[in-house]
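Reviewing the structure listed below.
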Amino acid sequence: MKKTPKTTKTVKTAKENFPEDARKRVVVERVRPEIDAGRYPIKRTVGEKVVVTAHVFTDGHDRITAHLLHKAKKEDTWMETAMEPLGNDVWESAFTPAVQQPYEYTVEAWIDRFGSWRADLVKRVDAGQDVAGELLEGAALVSEAGRRASGADQKALHAAADALSSERPQKERIAIALDEKLADRVSRYPDRSRATRYDRILAVTVDRIRARYGAWYEMFPRSAGPDPNRSATFLEAESRLPEIAAMGFDILYLPPIHPIGKSFRKGPNNALTAGPNDPGSPWAIGSEAGGHKAVDPNLGTLDDFRHFVEAADRHGLEVALDIAFQCSPDHPYVKEHPEWFRHRPDGTIKYAENPPKKYQDIYPLNFESDDWKGLWTELKSVVEFWIEQGVKIFRVDNPHTKPFRFWEWLIGEIQKKHPETIFLAEAFTRPKVMYGLAKGGFTQSYTYFTWRNTKQELTEYLTELTQTEARDFFRPNFFANTPDILHEYLQTGGRPAFQVRLALAATLAASYGIYSGFELCENRAVHGTEEYLDSEKYQIRAWDWDRPGNIKDLVARVNRIRRESPALHANDRLRFYTTDNDQLICYAKTTEDLSNIILVAVNLDPHHLQHGWVQVPIDELGIAPGEPYQLHDLIGGDRYLWHDAWNYIRLDPMVSPAHIFRVRRKIHSERDFDPFT
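Have a look at this one:
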C-alpha cells in the first residue's frame, strides 16, 4: 500500500503581529538640526543656509540613495536635494529659505538597486568572471526604470535594457551597463516604493535678516533734552537721532514710554521716597493718564511718538520698544481688572519682590488668574497696538517671570499676521530657562556676555553658543552694558575696558548693543553693586555727549567695519585660535567661501601692555605653508605681512587694546604686499 506523501502546511499570517511596511530596509535616524524631537522649530533668516545631516544605513552591502526634502510650509510639493555621504553612515545636504515664511524639511532614503547591481558588476568584471546572468539582472532593473520614465528617457532606457539582454558580445554589454549616462538616467527614476521617510517633519522659522544681525543703541528719550529738571519730549529727543545714526547703529531701543505711576514712586538711586519732581521708573507703568497703550504726557502725544518713529526711519534707525507686562498701583487695570493680580489674605494686591529687593511701585500680573484668557488677549492687543504705530521690534522685560506657554502663544499669534516682528528676551536667569524662552519663539536673547571676561570664560561660552545645538534656536544679543548692569570690569578698567568690551561684543556676536553712556565711558556705580550711580532709571540725566575721553569715533568705526564685513553678520563660523598668553584672545569669522576673513585679537587686560604669539590655522583659511598673507588692521589702518601659522602680536591698551584684521590671501611674494590698499 502506498503511503500518502506528507503535505506542507500553509503558514497562516493573517493574525500575526507583523510590523507595518517591514520590507523597508533603510534606517533613517538622528536628523540634525532637530530641537527636542521636533517639538520646536530651528531658526534661520532669509538666505541663510540650513545644513542637514542624518544617519542613514541598511543591512548588508546594498547601496543607498538619500534625499533631503524641503519646502515652504504652505506649499504642497516637496523640493528634493540629493544627500552626500560623509562617511560612517552620515549623510549631508542643505537648502536655503528664499522667502520669509515657515519652512519644513525631512529626509527620505531607499535602496539603490541599480547602483548596488552596478557596483557588484564592476567587482565581478575586475575578477574576470562571466557576468551573463548579472547582465540579464541589470536589463530587468533598467527596464523597470523605463516603465517609470517618460519621453526620450523612456525610449533610451528600454533600448538599453534590450541591449543588455541581447546576443551582443559580453564586452559591449558591459560597456553599456557601466556607461555613466545610463546610470544618470536610471537614477532619475528610482524605485521608491519601499523608501523610508524620517518619522518627523521638522520646522524652520524664517525671519528677516535684522533678526540675525544688527547693532542696538538704548536711550531714555526723557534724558535727551536740554533741561535736566524736566523730561525731554519726543520732538526734542529727535535731535539725538543724527548722532546715533552717525555712530552706525541699526536699532534704537527705548525703555517703556508709558505714563508712570505715582504710588510708591522711587526716588534717585532707587530711594524709597520720591520728591515731588522725581520722574519715577518707566517700568512702573500706568497712571490716571493711561496704561500700556498710552504715552507719558511728559514725552508728548501718540502722534509725537509716531513722528519720532518716522524721523528715526529717515536716519536708517528702526525703533524697538520695551514691553513690560507689569503695572504700577495706579494702572487702569488695577481698578478695571483686579482679578488679573495676586492678592494677600487681607485683600491687598501683592507688589513685586526679588528678596532682598522690593518693588513697591510694581504689581506683577497673575497669569494663573481665572480670567487668564482675557488677560492673555489683552496683552496681545498691547503688542498689536504698538505694531499699528510702526513698531516691529520689541525688547521684552523679564519674560522668565511669565509662563512659557503664554510667550509661545503670543509670539506665534503675532507672527502669523506680522512675520517681520522681532522679540528680544531680556532674561538674565538660568540657562535652561533662557533656552526655553528661545525655543518658545523669542527671536533673540540677552546673554551672560557681561559676566564673561576672561579668555577661558569667553571661549567656553561662545563655543557653546555657536558650535552646539544652541546655535539653531538661541540667537545671542551681546549688550555690553544695560541700565541695570555696570560690570566691575567697566567700573575699574577705565577707557580701555570700554574699548575691549566694544570690540568683543561687536565681533563675537552678529547682534550686539550698548546702553547710552557707554560711548562716554560712564563708569560711576553705587558702591559694591553693578548699579549705575544716579541711574537714569530713577532720574533725568543731562549728558555732555562730547565730553573728553569718549569713544564715539571708535564705536562708529567698529560699526562701519561690521557693515562692510559679511563674516561678522553671522555666528556659526566663529573659531578661536591658540595664543601663548591668556591675556590675549584671538578668533576669526569667515564667510563660507572665504571671500571675507576677519581675524580679531584683543588684549583682555585693560591696564597693561600684553604681547605673545598666536597660531592661525592657515589650512582652514586656504593659505598654503610658506605663503604670505596680509592683515589690514581696520581700526588703526596699519598693514602687516604674516607667514605660516605662528605670528607675534603686541597690544597696548593705552594705544588700542584690539586689532580687527581683514585677511588678504594670495599674496605670492612680498612684492605683492601693498601697504596702501
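Numbering of the sequence shown is given in full-length UniProt numbering, commencing with residue 1 and proceeding in unit increments. From the three backbone atoms N, C-alpha and C, an ideal C-beta is built for every residue, glycine too.
Contact check for G300 and L235: beta-carbon distance about 6 Å, within the 8 Å limit, so the pair qualifies.
The C-beta distance from L604 to I585 rounds to 6 Å, short enough to meet the 8 Å contact threshold.
Q539 carries a coil assignment under DSSP once its states are collapsed to helix, strand and coil.
If you look at A215, you'll find it in the beta strand (DSSP E) that goes 214-218. Note on geometry: alpha-carbon atoms of G291 and R430 lie some 31 Å from one another.
G248 sits in coil when the DSSP states are folded into three classes, being neither helix nor strand.
V526 sits in coil when the DSSP states are folded into three classes, being neither helix nor strand. A direct Cα-to-Cα measurement between D644 and E627 gives close to 7 Å. In the three-state scheme derived from DSSP, where H, G and I count as helix and E and B as strand, V500 is classed as helix. With fewer than 16 other beta carbons inside 10 angstroms of its own, H607 counts as exposed. By the neighbour-count definition (other C-beta atoms within 10 Å, threshold 16), A119 is an exposed residue. According to DSSP, F423 shares a beta bridge with F394.
Ranked by how close their Cα comes to the Cα of L609, the residues H55, I649, K589, A588 have I649 in first place. Listed as beta-bridge partners of Q444 by DSSP are L424. DSSP, read as helix, strand or coil, puts N559 in helix. Among the bridge pairs identified by DSSP, G612 is matched with I649. Pairing L121 with V99, the inter-Cα distance amounts to about 46 Å.
Between L241 and Y105, the C-beta gap is not smaller than 9 Å, which leaves the two residues out of contact.
Relative to P102, the option among I244, V204, P657 whose CA is nearest is V204.
Under the three-state reduction of DSSP, I349 is assigned to strand.
In chain order, D191 place their CB closer than 7 Å to the CB of E144, counting only its own chain and leaving out the 5 sequence neighbours on each side. Under the criterion of beta carbons closer than 8 Å, L568 and A510 qualify as touching, at roughly 7 Å.
Rounded to the nearest angstrom, the Cβ distance from T591 to P566 is 5 Å, consistent with a contact under 8 Å. In the displayed model, K358 falls within a strand according to three-state DSSP. Note: C586 is bridge-paired with Y577, A601 in the DSSP secondary-structure output. Excluding five sequence positions before and after S369, the CB atoms of its chain that fall closer than 6 Å to its own CB belong to E339, W340, L375, given in chain order. For D153, no beta strand (DSSP E) segment is defined; the enclosing uninterrupted segment is the alpha helix (DSSP H) at 151-164. The DSSP assignment places complete beta strand (DSSP E) segments of no fewer than 3 residues inside the region 453-510 at 477-479, in order along the chain.
Annotation for W407: the continuous alpha helix (DSSP H) segment containing it runs 404-417. About 4 Å separates the CB atoms of F442 and A425; that is less than 8 Å, so the two are in contact. Annotation for Q630: the continuous beta strand (DSSP E) segment containing it runs 629-633.
Going by DSSP, A72 is part of the beta strand (DSSP E) stretching over 64-72. If you draw a straight line from the Cα of Q467 to the Cα of G440, it comes to about 21 Å. Put simply, the backbone Cα of G138 is about 14 Å away from that of S187. A straight-line Cα-Cα distance of about 14 Å links E288 and R265. Contact between G275 and G286 does not hold, since the beta-carbon distance rounds to 21 Å and is not under 8 Å.
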